[in-house]
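Participant:
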Amino acid sequence: MVQKIALESVKCFIVLTNTARQALKEHFQDEHAFFKLQNPFDVYIEKQSIEQTSISLTLYFDNKRNTNLNKKFGGRVVIMDCIFDLKNGLVAKSFRTRGTNTPVVTNRRERMRIHLVPSRINGHTYPEKFITTIAQLPVAQERFDYVNKRISSWEGYLKVLYKNASIDDIDATFTSSYFNEDYSKVTLRCNGIDDKEWKQLKGLSAYVKGYPREIGEVTKINRQDRTVEIELNAKLSRLFRNNEFDFTSEYITFSNASTKSQLNRLLKGFDRLKEGLAANVNLENILFEDQPTIAERKKDVELDFYNNLNEYQRAAVTGAISAEDLYVIQGPPGTGKTTVISEICYQNAKAGLKTLIASQSNLAVDNALGRLLSNKDIRILRYGRTESIEEEGKKFIEENVADYWKEQTYDAITNEIKQHQTKEEQLQQEIHVATKEIEALKENEQQLQQEIFKKQQAKEQLEKTTAEIAELKKQIIPLKKEREKTEETLEKLRTSKEKIDAKIEELTKLVRPSKEINEDILTAQEKLSRSKQLIRYVDAETQLQKLENEITNVNNQLEQINAKTNEISSTIEKVKSFKKIYDIEEFIVQQEIRRGYVLSQLFSDMEKLHGQIEQFKPLKDISARLEKAIEYSHKTLGIQIQASNLPPNQHYSLQEVNEFLTELSKAFAQKKINAFNGTRSIEGLYSRKMFLAQLSQRYKALINESVIVFTKIKEEVIEQILMQTGVEQSTIDGLNIIKANLQLNASQLKEQLDSIKLNVGDVSVVPSIEELQSVCHLLQTEIAELEETKSKQTDIESQLQNKQEEQKRVDLEILNGESVLKDMINQLKELNSKGIQFEKDVQQLEQITKQNPESELEKTKEKIVAIEEQIEKLNMKIEMLPITQELQVEWKGLLDEATEHDLDEIRKLYVKHANVIGTTCVASANKEFMDNYPIFDIVIIDEVSKATPPELLLPMLKGKKIVLVGDHHQLPPLIGDDTFEETLETVIKESNTFEEKRELEKLLEESLFERLYKNLPSSNKKMLAIQYRMHENIMKTIAPFYEHEGDSLKCGLPDSDAARDHKLESNLIKRSDHLLWIDLPNEPNYFEERMKEGSSLLNQEELKTIRAMLVNLNHSTEVAKKQGLIPEDERKSVGVISFYAVQVKRINRMIEHELHLPHLHIRTGSVDKFQGMEMDVILVSMVRNNDNKNGEIGFAKDYRRLNVALSRARELLVLIGSVDMFTKRPKKEQTRNMYSNLLSVVKSQDGYRNVKELTS
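Note that UniProt numbering has the sequence shown beginning at 1, numbered continuously upward.
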């Protein structure tokens, strides 16, 4: 509900219940005393619920605007609970007061000025405005429930964090302290901490006696050494470095109170949203609806830009200033987001608006404030804990703003004083330029006066020509009507002539001699008679054909019966001749002979015999081999054995005999058997020979038995045939009688056909019955028509004569009409020609009259007056110059001599009138800040993607208009060492309701910023599409991530090679190189390693490559300095980043303990923590390299993480990792394509390097 300031009061009667009246009497003599205290009242109306016939309302009396009420109740808020319906009117149920901090204004309440009139009766009428206002109000409880339901998942997320943060304070002592080189960290050796507490220390804030605030945060612990590393806050670090502070006590406390305090602020933000305390009334809709309804942008505000902005930046600034309640700016890396924020702040300050700049981190806030314009209209104030604020932001904190303002003002006055001697000359030059401009304007004035004279002449001529055109139209209009009438008459005559011609043609065709008609009738009758006889002929012929077909059918049946009796004997002989069981089976199927029990049993016996015989197949070959072996033993070896009978218990198998012969054959071949040792083997041969003899006898017996069964099968089949082929004589006799009757009928039909042939002649070609019937019908119709024509001939001849006379008359009328029409057309052409010329003249004259030289003349005169006034002011400045200069010198002197009291007064004024406030998201919910700055005209939140939704909510609650700046193609926020996604997944597991889980899953699928950017209309969003950070070749690696945003990413550097020249040259890096991929093979020697104590990974071979690259970069920088390409005191900034924390630690250890790189300024970190930073050179250690089937690449599969990694470098980007691992091994095709595209960009710039080539 949009709040409207209602200036006019409305009169409303109010009836008090006894309860309300008694409550009032506790403060007043009676109810009338209350209503006389102040009337009208400023109240805020809230709709509590809608009943069947009434509405529950609550009236909140404004404790600021109602001054008398404020005095009476000491600032407490007066509240009346009421019921309203049209029958009973407004009825107050209760009267109560609440504390001074009770919110009166919310976006669920409407302000009205109401003159309340107490009454004891119901039924009064109420103003339309009052009734309409109540109708339009939302139901407060429904909005509360809606927000509570949608936000419960976010509260669950915070509760998980709060649960993890609920740690008791840990008290300890320390015995020694060690500082690092720049005093940013201190290591303390501690006592009095138990095992459980050691596990909880990391991330806690540290406090020592003698210092009022926390000294810093625990970043590392070593349980064995009992040491704790603390990252000191900036202020304390500076004090230690300057030897201005030392520890005065050995007592230290580790606490999580600051974290819990921040979480409490976030939870209170939820409460404020539920209660409708957001400054932007549309915030609930923006936060929770998939398709938020945004206030329509009325029109673009015309702006005079202070910064030099590109087209996308100008559009973003214009959009942010023109939007009503929300604007979203997507800023890819290096596209000048801070410049845009600076310009928005400047435009807001010019318009007299107050702006809040908020971000998740102090660094981002200070970075934004530090780049704001040094302009008299902008008064910047930085709010937050001083020790947490970066150097860029410290000049804007309250204690420093007076000095900052003094310094700015002093520099400006000093600059003015330096120009004192040349100031008059500058002013005279401005007067000279202005005078010249007046001369040019006066020349233009004369020219405009001439144009006004021409315009007047054109008006007069236009009136004259317009009159002539009107006269011309008077002549043309009746002539056109006459022409149309003539054309219409001619058209009718031509139509009439066409009809007459057609009728004459028709009648001419109808005229025929009587003799000709009679002859046609006779011919048609003869044809009709012959056609009817042919129909009789065709009918008889059809019947004859049918009888002959029936006779043929009877003959076929008789022949089949005779054939069957002859075939029986040949079929039996055929069965007897079968030699194979397969032939008999096929015959049975063909002849459809039924298999009875006997036949089935015989086939079964035959199948069993066949199976037994099959087992004896190898017998013949084995017997032959055995005989050859015996023959070889006799003739070749000379072994003679007397064969004996086979022992009764001796049995062999064919397979065993075959294997024995094979082994014996090998022994013969190897000459292992001879006459001396072969007797036993040959005896075995004879034993097996006798066994084979027994098998042969069994085989012959089976053959004989199968022959017997085969013979029985054939006999059974012959018996079945004889049973199936029996024929009865009665059937034959019946068929002979039918045949005789059919032959008699056929003879009669033939006689009938011969009789018809004599009458009709040739019948070799006769049409079908249907065709003959059709011909008969046509002939009958033709005869009828001829008879009718014969009776109408006299009448037709009379009609024809009349039509021919009418034709001559119409031809004459058409000839006369065409002559008249021709004359009219010539006359109209002449008049139209004149009219066209007049129209051309009118167009030219209208062009002259449409010009507005009068307005231009007025503007010119105004400019002349303005410039003359400017000259007058300049002359006055010249006259006042001595006084002005004297005042400036005096003002400079006052600033020189400003006392602490003066600066304190300046500070108070500055703070009071500050119009750009900067703070972190969480700090914006600090009580002091909320009291001093409850609402801002515009809230700008930078780096939205790095803040969680609860963090974003806090500053969003304060803004009438909200501007979000971020990039959803970069990483979401980190929660400690976990990603936002990992934390949300933990919360989802602990969620109890479907709604909570769905809300959290939506956050995982799509961030708040991404949802808004995708769903907002184009008028409420803009992508900054021109980047200035990185060389164009580096930019090409991230451009694909933004190709679906409507605008493609472009490079704004006019000459990338010059602007981003790293000036380094070596055997590894060429000066023209800006993008490299050093490829490590997908081989075991180059594989990743997993830490035993955790899940993090490292890659030793990549560490070696990084070492070589850093040494090379350091040497190349040293050479560039000697060549004068880089200043001697400058260090090349290098970032070494990785997807894995353990790899980063190993890199840190290597740089700190193993390398000396004086020419490089190195910063390391994980890819996630490097977001928002930029360096000249970036080395990316990709770590993953393995032979797992799934090709898992872990964190690196997220395109947003890759985008961050690729976009940190300004001049040179070096990727170190396995090309095959990332382009071929990942399971998902989308991931493979992402890295393959990256490789293509690298190769297109000749940036591919093989690590083996570099190390060889």
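Where a beta carbon is used, it is the ideal one built from N, C-alpha and C, also for glycine. Quick caveat: nothing in here was measured; it's all calculated off a predicted structure.
Restricting to Cα atoms, I'd like to know which of I45, V105, L90 and K36 is closest to K64.
Facilitator: Cα-wise, what sits closest to K64 is V105.
Participant: Taking only beta-carbon positions, decide if L57 is within less than 7 Å of chain D.
Facilitator: Of the protein chains in the structure, only one exists, and it is not chain D.
Participant: Helix or strand or just coil, what does DSSP make of V944?
Facilitator: The answer is helix: DSSP assigns V944 an H, G or I state.
Participant: So the alpha helix (DSSP H) G835 belongs to, where does it begin and stop?
Facilitator: That run of the alpha helix (DSSP H) goes I769 to K850.
Participant: If you count every other CB in all the chains shown that lies within 10 Å of the CB of S1181, and 16 or more means buried, which is it?
Facilitator: Its Cβ being crowded by 16 or more others within 10 Å, S1181 is buried.
Participant: Classify R680: buried if its beta carbon has 16 or more other beta carbons within 10 angstroms, exposed otherwise.
Facilitator: Label assigned to R680: exposed.
Participant: Hey, M1023 and Q330 are a contact pair by Cβ (cut 8 Å); roughly how many whole angstroms apart?
Facilitator: Yes, they are in contact, since the Cβ atoms of M1023 and Q330 sit about 4 Å apart, within 8 Å.
Participant: Pick from L158, R223 and D169: whose alpha carbon is nearest that of T187?
Facilitator: When each option's Cα is compared against that of T187, the closest is R223.
Participant: DSSP three-state call for T97: helix, strand or coil?
Facilitator: It is a strand residue.
Participant: Would E1174 and H1062 qualify as a contact pair, given that the criterion is a beta-carbon distance under 7 Å?
Facilitator: Against a cut-off of 7 Å, the Cβ pair of H1062 and E1174 comes out as no contact.
Participant: For R1060, name the three-state secondary structure that DSSP assigns.
Facilitator: In this structure, R1060 counts as coil in the three-state DSSP scheme.
Participant: Could you name the residues that DSSP lists as bridge partners for M1175?
Facilitator: Paired residues: A1209.
Participant: Let me know the secondary structure DSSP gives L303 once reduced to three states.
Facilitator: Of the three classes helix, strand and coil, the one that applies to L303 here is coil, per DSSP.
Participant: Can you tell me the Cα-Cα spacing of E550 and L742, whole angstroms?
Facilitator: Spanning the two alpha carbons is a distance of roughly 8 Å.
Participant: L772 to R536, Cα distance in whole Å?
Facilitator: Going by the C-alpha atoms only, they are around 10 Å apart.
Participant: Using 7 Å as the threshold, is the C-beta distance between G89 and N122 below it?
Facilitator: It is a contact, given that the beta carbons lie within the stated cut-off.
Participant: Assign Q729 to buried or exposed, taking buried as 16 or more other Cβ atoms, counted over all protein chains shown, within 10 Å of its Cβ.
Facilitator: In this prediction, Q729 has a pLDDT of 46, which is less than 50 and means its spatial position is unreliable; what the coordinates show is noted afterwards. Label assigned to Q729: exposed.
Participant: Name the residue from I252, I114, G611 and F245 whose alpha carbon lies nearest to the alpha carbon of I170.
Facilitator: Cα-wise, what sits closest to I170 is I252.
Participant: Going by DSSP in three states, L952 sits in which element: helix, strand or coil?
Facilitator: Reduced to three states, the DSSP call for L952 is helix.
Participant: Can the beta-carbon of A368 be found closer than 7 Å to that of I344?
Facilitator: Against a cut-off of 7 Å, the Cβ pair of I344 and A368 comes out as no contact.
Participant: Mind checking G269: buried by the 16 CB within 10 Å criterion, or exposed?
Facilitator: With 16 or more other Cβ atoms within 10 Å, it is buried.
Participant: What first and last residue would you give for the beta strand (DSSP E) that runs through Y652?
Facilitator: Segment: none, Y652 is in no beta strand (DSSP E) and carries neither H nor E.
Participant: Rounded to whole angstroms, what's the CA-CA distance from N415 to K873? Just pull it up for me.
Facilitator: Cα to Cα, N415 sits roughly 22 Å from K873.
Participant: Please go through the same chain and pick out, in chain order, the residues whose beta-carbon is closer than 7 Å to the beta-carbon of I114, but skip the five residues on each side of it.
Facilitator: Cβ neighbours of I114 beyond the five flanking positions: S9, V10, C12, P40, F41 and V43.
Participant: List in chain order: all unbroken beta strand (DSSP E) runs of 3+ residues lying wholly within the segment 340-406.
Facilitator: Runs of the beta strand (DSSP E) inside the segment 340-406: 355-359 and 380-382.
Participant: Exposed or buried, what is T1164 when buried is set at 16 or more other beta-carbons lying within 10 Å of its beta-carbon?
Facilitator: Answer is buried; the Cβ neighbour count reaches 16.
Participant: Classify Y60 as helix, strand or coil using the three-state DSSP reduction.
Facilitator: Strand, per DSSP.
Participant: Tell me, please, whether the segment 93-103 touches the segment 72-85 by the rule of three or more beta-carbon pairs shorter than 8 Å.
Facilitator: A contact exists between the segment 93-103 and the segment 72-85.
Participant: Out of I215, Q200 and V820, point me to the one whose CA is closest to Y207's CA.
Facilitator: Of I215, Q200 and V820, the residue nearest in Cα terms is I215.
Participant: Counting only the same chain and skipping the five closest in sequence on each side, list residues whose C-beta sits under 6 Å from that of T175.
Facilitator: Result list for T175: R189, in chain order.
Participant: Is the CB-CB distance between T1223 and K1197 below 7 Å?
Facilitator: No, the Cβ-Cβ distance between T1223 and K1197 is not below 7 Å.
Participant: For the beta strand (DSSP E) that contains L1160, what are its first and last residues?
Facilitator: Unbroken beta strand (DSSP E) run through L1160: L1160 to S1166.
Participant: Using DSSP bridges, identify the partner residues of residue 1264.
Facilitator: Residue 1264 lies beyond the range of the chain shown here (1 to 1256); nothing can be said about it.
Participant: From this set, K93, A323, F305 and V401, which residue's C-alpha is nearest S909's C-alpha?
Facilitator: One detail in the question is off: residue 909 reads as Leu in this sequence, not Ser. When each option's Cα is compared against that of L909, the closest is V401.
Participant: Indicate whether V922 and R265 have their beta-carbon atoms separated by less than 7 Å.
Facilitator: Yes, Cβ-Cβ distance for V922 and R265 is below 7 Å.
Participant: Would you identify the three-state DSSP class for G1124, choosing helix, strand or coil?
Facilitator: In this structure, G1124 counts as coil in the three-state DSSP scheme.
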